[in-house]
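Residue numbers (the working numbering): 1359 to 1806. Below is one structure, written out as structure tokens; comments come after it.
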């Protein structure tokens, strides 16, 4: 055991001291922080320049039907002024001019918005909304039915909002959310897939580096190949955890620092200020129904608690490590069997197919988490780290969970044993083209 711990220490220290590790540990949080800070910064750059738009209505049907806003002003002009504005638009002082040439109820394309530059979506959308509402009202009035607009308005406001409630074994009720459960299900499945594949493939590259540089010949003179493989797998797992922890801590520090320096005292537009106030009220645990219509903080937190976040987090860690260890053993065997990266495709395909299929099965889990295909793929060790994480928010029966966890541990032990046989033969073999027939021979040699 002391030799494995020495290998773990060597793998860990040699990798965390690399420039690539240090650069990515710094660059990663900067990129993550940018993804959170830049949208907030862009919100402070809202266009606050007032725009005046001339409206030339040749039909006379839409006079004053486009409402002014704080930043958009509309001036309705006579059709005689259209030619004058066209000829001298840059000197006119208008941001754009709108021409309505026909009744829009009969010809919806009889409207043009002219400008010497591309108009913004806000301007276009505001004009369309205003005229669309006016045309709807005009169409309703043409039916000459008393109270029809009010009836239509009432019908548009009719909807059904189903609240989902989970009943416990003791009869207690907890508010739940099908939408929130679906989002969390897909997030856990995708994160499990991404981390298992990324960090598992790092083990393969690490084994290949030592084999091609012939360093491994010196190492195996002091330790058994199996101990070397296990030390490398666990050491790289610790490197991955260290980098993830650094990313989380540094991202929080960067975001907090940027917020305090650049956003604490800077003026914000109304929309951005409203977003900040809403987030502050959420952080304080206050009721946010007034800030966001229809949003209830206490109700949302009750939905989150119904998913048992601590239990879910612990299961995520178990399946993440279980899946990582299982696939890392297989990746290590591939790395030991080949001399060049160009040879890895034939051996990588059988390893990657199960985890890719697992991701596809996870995508249908939220529609039918108790289906036979979802059940079996959440039990099979090669796919359970992804599929079971997609099922957990839907309350998996305890016996299924225990069976899946037991088989995952057994799967890791079996793949480690299998990979160990390939590893101790292939790690010292150079210059020979390896195929599946050759791997089978290595397994038989190991049994003798």
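For glycine and all other residues, C-beta sits at the position ideal for the given N, C-alpha and C.
Distance, residue j Cα to residue i Cα
{"i": "residue 1799", "j": "residue 1393", "result": "51 Å"}
{"i": "residue 1730", "j": "residue 1765", "result": "18 Å"}
{"i": "residue 1469", "j": "residue 1611", "result": "52 Å"}
{"i": "residue 1725", "j": "residue 1736", "result": "15 Å"}
{"i": "residue 1567", "j": "residue 1695", "result": "12 Å"}
{"i": "residue 1551", "j": "residue 1711", "result": "12 Å"}
{"i": "residue 1706", "j": "residue 1692", "result": "7 Å"}
{"i": "residue 1602", "j": "residue 1370", "result": "14 Å"}
{"i": "residue 1368", "j": "residue 1761", "result": "36 Å"}
{"i": "residue 1499", "j": "residue 1484", "result": "23 Å"}
{"i": "residue 1426", "j": "residue 1448", "result": "22 Å"}
{"i": "residue 1490", "j": "residue 1387", "result": "46 Å"}
{"i": "residue 1364", "j": "residue 1738", "result": "33 Å"}
{"i": "residue 1366", "j": "residue 1561", "result": "13 Å"}
{"i": "residue 1797", "j": "residue 1780", "result": "7 Å"}
{"i": "residue 1708", "j": "residue 1377", "result": "33 Å"}
{"i": "residue 1863", "j": "residue 1757", "result": "Outside the modelled stretch of the chain, which goes from 1359 to 1806, sits residue 1863, for which no answer is possible."}
{"i": "residue 1609", "j": "residue 1390", "result": "6 Å"}
{"i": "residue 1713", "j": "residue 1553", "result": "12 Å"}
{"i": "residue 1717", "j": "residue 1585", "result": "32 Å"}
Contact belief for residue i with residue j at Cβ below 8 Å, rounded distance in angstroms
{"i": "residue 1581", "j": "residue 1786", "result": "With a Cβ gap of about 13 Å, residue 1581 and residue 1786 do not count as contacting."}
{"i": "residue 1682", "j": "residue 1595", "result": "6 Å"}
{"i": "residue 1778", "j": "residue 1740", "result": "About 18 Å separates the two Cβ atoms, so there is no contact after all."}
{"i": "residue 1453", "j": "residue 1473", "result": "7 Å"}
{"i": "residue 1674", "j": "residue 1546", "result": "6 Å"}
{"i": "residue 1433", "j": "residue 1412", "result": "5 Å"}
{"i": "residue 1687", "j": "residue 1591", "result": "7 Å"}
{"i": "residue 1493", "j": "residue 1482", "result": "With a Cβ gap of about 16 Å, residue 1493 and residue 1482 do not count as contacting."}
Element boundaries [alpha helix (DSSP H), containing residue i]
{"i": "residue 1368", "result": "1360-1374"}
{"i": "residue 1772", "result": "1756-1784"}
{"i": "residue 1750", "result": "Taken as a continuous stretch (DSSP letters only), residue 1750 belongs to no alpha helix (DSSP H), as it is neither H nor E."}
{"i": "residue 1607", "result": "1583-1616"}
{"i": "residue 1450", "result": "1447-1450"}
N- and C-terminal bounds of the beta strand (DSSP E) containing residue i
{"i": "residue 1410", "result": "1409-1415"}
{"i": "residue 1431", "result": "1430-1435"}
{"i": "residue 1457", "result": "1454-1458"}
heavy atom of the ligand COA below 7 Å from residue i C-beta
{"i": "residue 1610", "result": "Among the components modelled here there is no ligand, and therefore nothing to report on the ligand COA."}
* Asked: Can you find at least 3 beta carbon pairs, one from the stretch 1539-1555 and one from the stretch 1745-1758, that sit closer than 8 Å?
  -> With the cut-off at 8 Å, the stretch 1539-1555 and the stretch 1745-1758 touch.
* Asked: Using 8 Å as the Cβ pair cut-off and three pairs as the minimum, do the stretch 1453-1464 and the stretch 1416-1430 touch?
  -> Between the stretch 1453-1464 and the stretch 1416-1430, the count of C-beta pairs closer than 8 Å reaches three or more; the two stretches touch.
* Inside the stretch 1713-1744 only - alpha helix (DSSP H) runs reaching at least 4 residues -> You should have 1730-1737.
* Which full runs of the alpha helix (DSSP H) of 4+ residues lie inside the stretch 1466-1527, going along the chain? -> If we require 4 residues or more, the alpha helix (DSSP H) runs fully inside the stretch 1466-1527 come out as 1479-1500, 1506-1514.
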